[in-house]
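Worksheet: the structure to be examined is printed underneath.
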Amino acid sequence: DSGVTQTPKHLITATGQRVTLRCSPRSGDLSVYWYQQSLDQGLQFLIQYYNGEERAKGNILERFSAQQFPDLHSELNLSSLELGDSALYFCASSKTSGRTNEQFFGPGTRLTVL
Amino acid sequence: TQLLEQSPQFLSIQEGENLTVYCNSSSVFSSLQWYRQEPGEGPVLLVTVVTGGEVKKLKRLTFQFGDARKDSSLHITAAQPGDTGLYLCAGSGSNDYKLSFGAGTTVTVRA
Chain A
1 DSGVTQTPKH LITATGQRVT LRCSPRSGDL SVYWYQQSLD QGLQFLIQYY NGEERAKGNI
61 LERFSAQQFP DLHSELNLSS LELGDSALYF CASSKTSGRT NEQFFGPGTR LTVL
Chain B
1 TQLLEQSPQF LSIQEGENLT VYCNSSSVFS SLQWYRQEPG EGPVLLVTVV TGGEVKKLKR
61 LTFQFGDARK DSSLHITAAQ PGDTGLYLCA GSGSNDYKLS FGAGTTVTVR A
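Protein chains in written order, with my numbering: chain A, 1 to 114; chain B, 1 to 111.
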């Protein structure tokens, strides 16, 4: 158990819908990262927040957005869902936002778009 | 974006054999991490290497960071079925806060 929690574990929805994925970091960790993992793309970095502020952005679509709240939990919002958005979404956390940060991953949310 | 290439993509060996997984890039990394992931679960951090030429051992696993900090290897001695999983390397550059992941090596250890 990494100490990172994600809800829900599974999510099934239809194209065009909007969903919210939630992540609680390990106690004491200030950075939260979101990743998408699909069979053909591997693990892709989406976005990082550090202590409530956006710190780095990866291959995140404009239809996706995220935020980190004062209690440090984070939410990833996915809208206008398409079939290709079906994937595993992971949240990770680390103590700092430094370049040698060690990230600890949650169990993931499996999103299926029908 | 810094690209990390892992090889081989798949590896199937018999219990007790040794194996090596490689992670290569044309870019220099300030640090490199290895993770293991089991199906449907999140990656689990195994080790972080930061110094060129560094060697770290974790029981039967040996990790090496290349002198130029562009490549790394993971060697498993006397593999066991519990070593089965997807091994991922990930690196962050000197001007980059995010981790770039390799595509992974799927290791299967047969009993």
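Glycine included, every Cβ here is placed at the ideal spot set by N, Cα and C.
Using a C-beta to C-beta distance shorter than 7 angstroms, which residues of chain A count as neighbours of residue i?
{"i": "phenylalanine 101 of chain B", "result": "Gly42, Leu43"}
{"i": "glycine 104 of chain B", "result": "Gly42"}
What residues of chain B sit near residue i, judged by a beta carbon separation below 9 angstroms?
{"i": "serine 2 of chain A", "result": "Gly42, Val44, Leu45"}
{"i": "glycine 108 of chain A", "result": "Gly40, Glu41, Gly42"}
Can you pull the chain B neighbours of residue i, defined as C-beta to C-beta under 8 angstroms?
{"i": "proline 25 of chain A", "result": "Neighbours of proline 25 of chain A on chain B: none; closest Cβ ~13 angstroms, over 8 angstroms."}
Residues in the same chain with beta-carbon distance under 6 angstroms from residue i, minus the five sequence neighbours each way, listed in chain order, please.
{"i": "arginine 63 of chain A", "result": "Ser79, Ser80"}
{"i": "phenylalanine 101 of chain B", "result": "Leu88, Ala90"}
{"i": "leucine 21 of chain A", "result": "Leu76, Tyr89, Thr109"}
{"i": "arginine 110 of chain B", "result": "Gln14"}
{"i": "valine 21 of chain B", "result": "Leu74, Tyr87, Thr105"}
{"i": "serine 24 of chain A", "result": "Thr5, His73"}
Leaving out the 5 sequence neighbours to the left and right, which residues in its chain are closer than 7 angstroms to residue i when beta-carbon positions are compared?
{"i": "alanine 87 of chain A", "result": "Gln36, Gln37, Ser38, Leu111"}
{"i": "asparagine 85 of chain A", "result": "Per the sequence presented here, residue 85 of chain A reads as aspartate, with asparagine not at that position. The residues are Leu78, Leu111, Val113."}
{"i": "alanine 43 of chain A", "result": "According to the sequence displayed, residue 43 of chain A carries leucine and not alanine. Hits under 7 angstroms: Tyr35, Gln37."}
{"i": "phenylalanine 65 of chain B", "result": "Leu32, Val49, Thr51, Gly52, Gly53, Glu54, Ser72"}
{"i": "isoleucine 12 of chain A", "result": "Thr112, Leu114"}
Under 8 angstroms Cβ-Cβ, which residues of chain A neighbour residue i?
{"i": "lysine 70 of chain B", "result": "Per Cβ cutoff of 8 angstroms: no residues; lysine 70 of chain B is ~16 angstroms from chain A at best."}
{"i": "lysine 59 of chain B", "result": "In chain order: nothing, as chain A lies at least about 19 angstroms away."}
{"i": "lysine 98 of chain B", "result": "Tyr33, Phe45, Gln48, Ala56, Gly58"}
{"i": "glutamine 33 of chain B", "result": "Glu102, Gln103"}
Residue i touches chain E at which residues, Cβ-Cβ below 7 angstroms?
{"i": "phenylalanine 104 of chain A", "result": "Given the protein chain composition of this structure (A and B), no chain E is represented."}
Which same chain residues end up closer than 8 angstroms to residue i when comparing Cβ atoms and leaving out the 5 residues on each side of it in sequence?
{"i": "valine 28 of chain B", "result": "Ala68, Arg69, Lys70, Gly93, Ser94"}
{"i": "leucine 11 of chain B", "result": "Leu19, Val21, Thr105, Thr106, Val107, Thr108"}
{"i": "arginine 143 of chain A", "result": "Summary: the structure shown does not reach residue 143 of chain A, with chain A confined to residues 1 through 114, and so no result is reported for it."}
> Below 8 angstroms, can you find three or more Cβ-Cβ pairs linking the region 6–17 of chain B to the region 66–80 of chain B?
Replying inline: yes
> For the region 81–96 of chain A, which residues have a beta carbon sitting closer than 9 angstroms to at least one beta carbon of chain B?
Replying inline: Leu88, Phe90, Cys91, Ala92
>> Taking contact to mean 3 or more Cβ pairs, one atom from each stretch, closer than 8 angstroms, check whether the region 18–37 of chain A and the region 46–61 of chain A are in contact.
In response: yes
>> Residues of the region 63–88 of chain B in Cβ contact with chain A at a cutoff of 8 angstroms, in chain order, please.
In response: Leu88
> Just by C-beta distance, which residues in the region 39–68 of chain A are closer than 7 angstroms to chain B?
Replying inline: Gly42, Leu43, Phe45, Gln48, Arg55, Ala56, Gly58
> What are the start and end residues of each continuous beta strand (DSSP E) run of 3 or more residues lying completely inside the region 16–61 of chain A, in chain order?
Replying inline: 19–24, 31–38, 42–50, 53–57
> Taking only runs of the beta strand (DSSP E) that begin and end inside the region 1–84 of chain B, which ones reach a length of at least 3 residues, in chain order?
Replying inline: 5–7, 10–14, 19–24, 31–37, 44–49, 55–58, 61–65, 71–76
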